[in-house]
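Numbering (the numbering used here), first residue to last: 487 to 687. Ideal placement from N, C-alpha and C gives every residue a C-beta, glycine not left out. Computed from a predicted structure; not experimentally measured. Report on one structure; see the data block that follows.
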């Protein structure tokens with residue numbers, strides 16, 4: 487009988503640890519905790535689906551620039567900035583969705599060998615000691631940064647188009663707010679894993 491192929495690491499993270507919201511959560515999890523996880527994960531799923539549509543105008547802008555530049559020798563002054571802004575918004579606003587699916591880059595060559603309880607304890611500690619302090623700091627800094635850009639009508643000075651930077655800089659605190667919210671859901675999952683010895687499915 488042929489040996490079953492071993493799943494890739496990303497497959498294990500997505501399929502093994504992260505179930506769809508519809509599959510529900512363990513009966514031994516407190517109701518308030520399961521409700522919070524479902525509500526937050528559903529919100530992150532919705533925002534991820536909405537934000538993913540930014541990929542279409544991003545692709546259109548890049549294709550338009552290539553065709554205009556090389557087919558008609560008429561490069562635009564705005565396509566470079568627009569592609570950067572759209573990609574930046576797609577990246578930061580979709581980060582919470584990626585976190586909910588467990589597909590952020592992580593070095594887990596040690597982590598994978600630990601028991602689920604140990605994984606949960608380590609994750610809980612790291613969320614409390616590293617993740618939330620860092621995200622709150624980023625939230626404070628990015629909010630001031632975005633507010634100053636809007637208040638001063640700040641413009642980009644590295645291209646001839648000189649676009650207003652307020653809209654794209656405002657995506658930073660919004661995306662970080664999404665990450666903070668999803669981080670709370672991940673913290674609850676880690677606490678359950680540390681207590682029950684299994685990840686919520």
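- The beta carbons of residue 526 and residue 667 sit about 6 Å from each other, so the pair counts as a contact at 8 Å.
- Here DSSP, grouped into helix, strand and coil, assigns residue 638 to coil.
- Taking a C-beta distance under 8 Å as the contact criterion, residue 661 and residue 581 qualify as a contact pair.
- Bridge pairing for residue 650: 641 [DSSP].
- Judged by DSSP in its simplified three-state form, residue 675 adopts helix.
- Per DSSP, the continuous alpha helix (DSSP H) segment holding residue 610 begins and ends at 602-612.
- Using a Cβ distance threshold of 8 Å, residue 516 and residue 686 do not count as a contacting pair.
- Contact between the region 550-560 and the region 605-621 is absent: fewer than 3 CB-CB pairs across the two stretches fall below 8 Å.
- Unbroken alpha helix (DSSP H) runs of no fewer than 4 residues, entirely contained in the region 574-603, are found at 581-586, following chain order.
- DSSP, reduced to helix, strand and coil, places residue 513 outside both helices and strands of the structure shown, so it counts as coil.
- Annotation: the continuous alpha helix (DSSP H) that includes residue 550 extends over 541-557.
- For residue 520 against residue 606, the beta-carbon gap comes to about 16 Å, at or over 8 Å, which does not count as contact.
- The beta carbon of residue 547 sits closer than 8 Å to those of 565, 568, 569, 572, all from its chain and outside the five residues before and after it, given in chain order.
- In the three-state scheme derived from DSSP, where H, G and I count as helix and E and B as strand, residue 631 is classed as helix.
- Taking every protein chain shown into account, the CB of residue 616 has fewer than 16 other CB atoms within 10 angstroms, so this residue is exposed.
- Residue 591 counts as exposed, since fewer than 16 other beta carbons sit within 10 angstroms of its beta carbon.
- Between residue 530 and residue 597, the C-beta spacing is not below 8 Å.
- Exposed is the label assigned to residue 549, since fewer than 16 other Cβ atoms lie within 10 Å of its Cβ.
- With 16 or more other Cβ atoms inside 10 Å of its own Cβ, residue 664 counts as buried.
- By the Cβ-count criterion, residue 533 is buried, with 16 or more other Cβ atoms from all chains shown falling within 10 Å of its own Cβ.
- Linking residue 588 to residue 641 through their CA atoms gives a straight-line distance of about 36 Å.
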